[in-house]
Ligand SMILES: Nc1ncnc2c1ncn2[C@@H]1O[C@H](COP(=O)(O)OP(=O)(O)OP(=O)(O)O)[C@@H](O)[C@H]1O
């Protein structure tokens with residue numbers, strides 16, 4: 001269990017700025033997911049933490065000990081930090097037990113630790129198997145067990161589920177999360193997958209252009225994104241103009257929009273034009289008028305299984321998408337419906 005802190009870390013490759021001063025804190029015993037578009041610096045960040053890259057600036061601190069910083073570069077083998085790559089890179093000629101015990105001392109190999117971590121990842125009794133007798137998902141479980149075995153200060157997971165199909169991914173990430181938690185490991189998970197980041201991690205950090213734009217609990221990043229870019233990156237978002245002629249409402253401020261009155265948290269002071277962000281699942285559609293009555297015209301309905309999206313034409317001429325449960329009976333295109341926004345939304349200064 002270790003706390004990891006990145007303070008303004010920067011890394012260039014020639015003229016390419018891969019990290020432009022990234023700040024991040026991973027509290028001890030927690031898993032932080034790093035999310036961001038291709039090329040934003042996620043892998044570089046992991047490589048710097050592991051010690052495979054030297055920093056140009058900034059500092060990496062593990063449990064109060066600087067492992068990288070001005071004049072300091074602790075080599076990877078002395079950081080006690082492990083990486084689980086996309087495909088586990090198991091030693092093909094070693095059994096599962098020997099793979100997992102590879103980084104351990106002879107004494108530790110003889111102890112229960114190997115079986116303990118195999119049990120944590122759901123592979124109790126698989127010790128004698130060879131890697132080629134395991135499925136892709138099982139191989140990744142072994143890779144995670146091997147990483148956990150020496151009780152590293154930090155475990156880095158570089159898109160460890162990306163080669164697996166969707167059903168297996170969900171199960172594996174849940175089990176890996178449980179294994180890390182049971183072992184009180186501190187981890188960083190790099191992923192492209194928004195729902196994976198939001199569902200699996202204690203904290204989510206969103207990166208862009210070598211910087212961390214926002215980090216915090218998944219619920220906060222989803223519901224209270226720092227800006228419209230983060231909002232759109234972590235989920236679907238509807239952006240509406242609003243006037244800041246705010247009248248006080250209960251539990252926040254109520255703004256007037258084309259989707260009717262919307263409750264927002266904090267409103268930037270001294271601005272009249274605002275942009276409000278609404279998640280599509282916050283929009284309720286009803287065939288009969290609801291109070292207060294705001295209407296929209298249905299443009300179309302797209303069925304996705306567990307949910308469906310409804311495209312709506314609002315009174316101000318804009319088109320937006322609402323998300324409804326999959327069992328909702330589709331409303332015919334051209335029909336008029338009433339709309340209402342539930343819950344609290346986020347507002348920013350316009351532009
Ligand atoms: N060894 C290298 N030499 C030169 N440029 C590099 C090197 N490694 C990374 N880069 C560049 O640094 C930037 C950040 O790359 P990085 O691999 O960290 O991004 P990423 O967020 O992990 O991307 P992806 O999601 O596609 O894996 C990119 O512009 C990339 O092309």
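Numbering (UniProt numbering), first residue to last: 1 to 351.
For each residue, glycine too, the CB sits at the ideal point set by N, CA and C.
Report task. To the nearest angstrom, report how far apart residue 350 and residue 117 are at their CA atoms. Result -> Looking at the backbone, the Cα of residue 350 and that of residue 117 are separated by about 51 angstroms.
Query - Under the three-state DSSP convention, the category residue 66 falls into - result: Under the three-state reduction of DSSP output, residue 66 falls in the strand class.
Requested in this report: Taking residue 345 as part of the beta strand (DSSP E), name the residues at either end of that continuous run.
Outcome: Per DSSP, residue 345 belongs to the beta strand (DSSP E) from 344–349.
Requested in this report: Please classify residue 333: is it buried, with 16 or more other beta-carbons within 10 angstroms of its beta-carbon, or exposed?
Outcome: The residue in question, residue 333, is exposed, as its Cβ has fewer than 16 Cβ neighbours within 10 Å.
Query raised in the report: Using the beta carbon as the reference atom, which residues fall closer than 5 angstroms to any heavy atom of ligand 1, ordered along the chain?
Result: So the residues near ligand 1 by this Cβ test are 13, 16, 18, 38, 39, 40, 41, 42, 43, 44.
Report task. Would you mind working out which of 149, 190, 174 sits nearest residue 156, comparing C-alpha positions? Result -> Nearest to residue 156 by alpha-carbon distance, out of 149, 190, 174, is 190.
Query raised in the report: For residue 354, does the three-state DSSP call read helix, strand or coil?
Result: This structure does not reach residue 354, given that the chain is present from 1 up to 351, and the question cannot be answered.
Requested in this report: Within 10 angstroms of the Cβ of residue 251, are there 16 or more other Cβ atoms? Answer buried if so, exposed if not.
Outcome: Low local confidence applies: a pLDDT of 48 at residue 251 is under 50, so the model's placement there is unreliable, with the coordinate-based value given in what follows. Its Cβ having fewer than 16 others within 10 Å, residue 251 is exposed.
Report task. Check whether the segment 175–186 touches the segment 207–215, counting contact only when three or more Cβ pairs, one atom from each stretch, lie closer than 8 angstroms. Result -> They do not touch, by the three-pair rule.
Query raised in the report: Measuring CB to CB, does residue 161 end up less than 8 angstroms from residue 169?
Result: Yes, Cβ-Cβ distance for residue 161 and residue 169 is below 8 angstroms.
Requested in this report: Ignore the nearest five residues each way along the sequence and tell me which others in residue 139's own chain have a CB closer than 8 angstroms to its CB.
Outcome: If the five residues before and after residue 139 are omitted, its C-beta is found closer than 8 angstroms to the C-beta atoms of 87, 88, 90, 131, all from its own chain and listed in chain order.
Requested in this report: Pair every Cβ in the segment 43–53 with every Cβ in the segment 222–236, then say whether three or more of these pairs are closer than 8 angstroms.
Outcome: Verdict: no, contact absent.
**Report entry** Beta-carbon spacing of residue 323, residue 309 below 8 angstroms
**Finding:** Yes; because the gap between Cβ atoms is below 8 angstroms, this pair is in contact.
Requested in this report: Under 7 angstroms Cβ to Cβ from residue 42, same chain only, skipping five residues before and after it: list those, please.
Outcome: Contacts found: 34, 36, 190, 207.
Requested in this report: Would you check if the distance between the CB atom of residue 239 and the CB atom of residue 277 is smaller than 8 angstroms?
Outcome: Between residue 239 and residue 277, the C-beta gap is smaller than 8 angstroms, which places the two residues in contact.
Report task. Provide the residue span of the beta strand (DSSP E) that contains residue 110, from first to last. Result -> Unbroken run through residue 110 is the alpha helix (DSSP H), 106–110; no beta strand (DSSP E).
Query - When 133, 14, 114 are compared against residue 92, the one with the closest alpha-carbon - result: With distances taken between Cα atoms, residue 92 lies closest to 133.
Query raised in the report: Sorted by chain position, which residues of the same chain lie with C-beta nearer than 6 angstroms to residue 342's C-beta, five sequence neighbours on each side aside?
Result: 282, 284.
Query raised in the report: Under a three-way DSSP split, which group does residue 74 fall into?
Result: Under the three-state reduction of DSSP output, residue 74 falls in the coil class, being neither helix nor strand.
Query raised in the report: In the structure shown, what three-state DSSP assignment does residue 332 receive?
Result: Residue 332 sits in coil when the DSSP states are folded into three classes, being neither helix nor strand.
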